[in-house]
Amino acid sequence: MGRVTGSVHTAGCEWLQYDYAPGLVPSGRPEPFTMWRYTSLLPLAEGPVGYPLPVGGTPLLPAPALRSALGTPSLWVKDETRGPTASNKDRATALVIEDGLRRGLDTITTASTGNAAVATAFGAAAAGMRAVIFVSADCQEDKLALMAQAGAWVFQAPGGYAAAVDLSRAAVAEFGWVDRNTGVNPLTTEAKKTVALEIWEQLGRRIPDVMVAPVGDGPTLVALEKGFAELVACGVAARRPRLVGVQAQACQPLVRAWLGSSPTSDELAPGSTVADGIAVLRPAVGDAVLRAVRSSDGAMVAVSDTELMEAVGLLASTAGVGAEPAGAASVAGLRSALRDGLVDPGETIAVLVTGREIKAAGSPPQGRVAVADRLDEVRQALGSPAV
Ligand SMILES: Cc1ncc(COP(=O)(O)O)c(C=O)c1O
Numbered sequence: 002m003g004r005v006t007g008s009v010h011t012a013g014c015e016w017l018q019y020d021y022a023p024g025l026v027p028s029g030r031p032e033p034f035t036m037w038r039y040t041s042l043l044p045l046a047e048g049p050v051g052y053p054l055p056v057g058g059t060p061l062l063p064a065p066a067l068r069s070a071l072g073t074p075s076l077w078v079k080d081e082t083r084g085p086t087a088s089n090k091d092r093a094t095a096l097v098i099e100d101g102l103r104r105g106l107d108t109i110t111t112a113s114t115g116n117a118a119v120a121t122a123f124g125a126a127a128a129g130m131r132a133v134i135f136v137s138a139d140c141q142e143d144k145l146a147l148m149a150q151a152g153a154w155v156f157q158a159p160g161g162y163a164a165a166v167d168l169s170r171a172a173v174a175e176f177g178w179v180d181r182n183t184g185v186n187p188l189t190t191e192a193k194k195t196v197a198l199e200i201w202e203q204l205g206r207r208i209p210d211v212m213v214a215p216v217g218d219g220p221t222l223v224a225l226e227k228g229f230a231e232l233v234a235c236g237v238a239a240r241r242p243r244l245v246g247v248q249a250q251a252c253q254p255l256v257r258a259w260l261g262s263s264p265t266s267d268e269l270a271p272g273s274t275v276a277d278g279i280a281v282l283r284p285a286v287g288d289a290v291l292r293a294v295r296s297s298d299g300a301m302v303a304v305s306d307t308e309l310m311e312a313v314g315l316l317a318s319t320a321g322v323g324a325e326p327a328g329a330a331s332v333a334g335l336r337s338a339l340r341d342g343l344v345d346p347g348e349t350i351a352v353l354v355t356g357r358e359i360k361a362a363g364s365p366p367q368g369r370v371a372v373a374d375r376l377d378e379v380r381q382a383l384g385s386p387a388v
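Here's what the structure looks like:
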């Protein structure tokens, strides 16, 4: 199990460190191929993993027809839609719940644009924990239905996603619940970095030239940076890939910061893009994203809703991967980066597809979804005691 030797705060992000050595990286056959293969690089004490759902070990697809469509012969699709709730949020959820179980805690909370909440609701249900979720008032109905069906308590913050984050964090401080808020709990980054470790192994222990990922709050991309950097620190890889982060044109605070220009109001309109998962006005680890992109010699790109929907169609028709628009943003971003000469088509490119299209989930069951913008409303809905 991984022994954390320290932690540094860099660009607003807590970064755990280990005693890096080649022995921390597994070398045997990946059986079973799950995220727990990398426990030597995860902050877990010795002992069996109790989290019941299989997480990680998602396929890296060669997708030949997508390669021909894009003219990129060495393209790979890391298909994170294959997790238990069909998004890369399953990884962070698993590690945070595992840690909470070991600490004897019984309630987990998170704010979410939708997918982290669904992952938390299902993961908590499987692990026998209570989940208390905070979402924006315009969270997709299908995602709300999934959370509530899994038995989570769901509060919609009229003030939007930023208000939901504030409320969830206030609840952690007040009630001592497990905090799964992305980018806030360093375990979320630790879990998501396993994607980088997997890609490296799946490529035959090679680092791609370019890695493209959607960016909302930012931990997905920052975790990729950390995973690849740790392979270098362990002495098993010589370099990191260039990181390309993708945002929706209608909500692109980090692309604008990257370009050194101010966003217009149309570029800060989270409610107006189909990519709800990445529509974040105040990214939790935005500075760390910019640092990661800069230090890897990468780039940030913005894509329109039309480009996002084309990418959804392309993934479905050429790779058989059913992505939601935010999940397909990496493919849309890659096309834009190829057009702009930021990526050479002959390079080894990995695109991270982060979330699946939702099958009709129906309406949320009665009584599980409420509106709240203050903690006393949460306390009242949960009954006394709330903790
Ligand atoms: C499908 C999907 N892709 C990408 C992201 C962005 O991840 P991050 O917030 O780590 O940048 C999210 C976040 O909710 C998401 O749901």
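Heads up, the final residue of the sequence shown is numbered 388 in our numbering, and it's a clean run with no missing numbers. For every residue, glycine included, the Cβ atom is placed at its ideal position computed from N, Cα and C.
Identified DSSP bridge partners for residue i
i: GLY246; result: ALA214 and MET301
i: GLY1; result: Summary: the structure shown does not reach residue 1, with the chain confined to residues 2 through 388, and so no result is reported for it.
i: GLU32; result: Looking at the DSSP assignment, GLU32 forms no beta bridge with any residue, so it has no partner.
i: GLY7; result: GLN18
i: GLN157; result: VAL136 and VAL372
i: VAL179; result: ILE109
i: ARG131; result: THR108
i: CYS252; result: ALA249 and LEU269
Secondary structure of residue i, DSSP reduced to three states
i: ARG206; result: coil
i: ARG240; result: coil
i: SER318; result: helix
i: VAL196; result: helix
i: VAL393; result: Coverage of the chain is limited to positions 2 through 388, which leaves residue 393 absent and any answer about it impossible.
i: ASP267; result: helix
i: ALA172; result: helix
i: SER296; result: helix
i: VAL375; result: Reading off the sequence shown, one finds Arg at residue 375, where the question assumed Val. The answer is coil: DSSP assigns ARG375 none of H, G, I, E or B.
i: ARG68; result: helix
i: ALA329; result: coil
i: GLN367; result: coil
i: GLN381; result: helix
i: SER75; result: coil
i: ASP288; result: helix
i: ALA151; result: coil
i: ASP80; result: strand
i: ALA324; result: strand
i: ALA126; result: helix
i: LEU62; result: strand
i: ALA351; result: strand
Residue j beta carbon less than 8 Å from that of residue i
i: VAL354; j: SER331; result: yes
i: GLY219; j: ALA146; result: no
i: THR319; j: ALA64; result: yes
i: GLN157; j: VAL372; result: yes
i: GLY48; j: THR94; result: no
i: GLY272; j: VAL179; result: no
i: ALA112; j: SER169; result: yes
i: SER137; j: ALA165; result: yes
i: GLY7; j: SER41; result: no
i: ILE134; j: ALA163; result: no
i: GLY58; j: THR35; result: yes
8 Å Cβ cutoff, residue i in contact with chain C
i: THR307; result: The chain inventory of the structure shown lacks chain C, comprising one protein chain alone.
Pick from the options that is closest to residue i, judged by C-alpha positions
i: LEU309; options: ALA153, VAL247 and ALA285; result: VAL247
i: GLU15; options: VAL290, SER297 and THR319; result: VAL290
i: ALA280; options: LEU43, PRO254 and ASP288; result: PRO254
i: GLY278; options: PRO326, VAL256 and LEU168; result: PRO326
i: ALA249; options: THR221, LEU282 and ALA239; result: LEU282
i: GLU81; options: PRO55, ASP100 and VAL97; result: PRO55
i: GLY217; options: GLY328, VAL322, VAL155 and SER75; result: GLY328
i: GLY161; options: LEU269, GLY236 and ASP298; result: LEU269
i: ASP167; options: ARG380, ALA382 and LEU376; result: LEU376
i: LEU71; options: LEU42, LEU232, ALA165 and GLU348; result: GLU348
i: PHE127; options: PRO187, VAL136, ASP107 and VAL379; result: In the sequence on display, residue 127 carries Ala and not Phe. When each option's Cα is compared against that of ALA127, the closest is ASP107.
i: GLN367; options: ARG83, ALA22 and GLN150; result: GLN150
i: GLY13; options: ALA312, GLY384 and ASN186; result: ASN186
i: MET130; options: LYS194, PRO53 and GLN203; result: PRO53
i: LEU383; options: PHE176, TYR19 and THR73; result: PHE176
i: GLY356; options: THR73, THR40, ARG206 and GLY84; result: GLY84
i: ARG380; options: MET148, VAL155 and ALA87; result: VAL155
i: LEU204; options: SER75, ALA46 and SER305; result: SER75
i: SER296; options: TRP259, ALA312, ALA122 and PRO23; result: TRP259
i: CYS252; options: ARG104, LEU62, VAL302 and ARG206; result: VAL302
i: SER305; options: GLY334, VAL294, ASP20 and GLY236; result: GLY334
Residues near residue i by beta carbon distance below 7 Å, same chain, minus five either side
i: LYS90; result: ASN116, ALA117 and ALA120
i: LEU96; result: LEU43, LEU188, GLU191 and ALA192
i: ASP210; result: PRO242, ARG243, GLU348, THR349 and ILE350
i: ASP341; result: none
i: VAL9; result: TRP16 and GLN18
Own chain partners of residue i with C-beta closer than 6 Å, once the 5 adjacent residues on each side are dropped
i: ALA300; result: VAL245 and LEU343
Chain-order list of residues whose beta-carbon lies under 8 Å from that of residue i (same chain, five-residue window excluded)
i: PHE229; result: ALA197, TRP201, ILE208, MET212, ALA238, ARG241 and PRO242
i: LEU316; result: LEU67, VAL78, VAL322, GLY323, ALA324, ALA329, VAL332 and VAL354
i: THR11; result: ALA289 and ARG292
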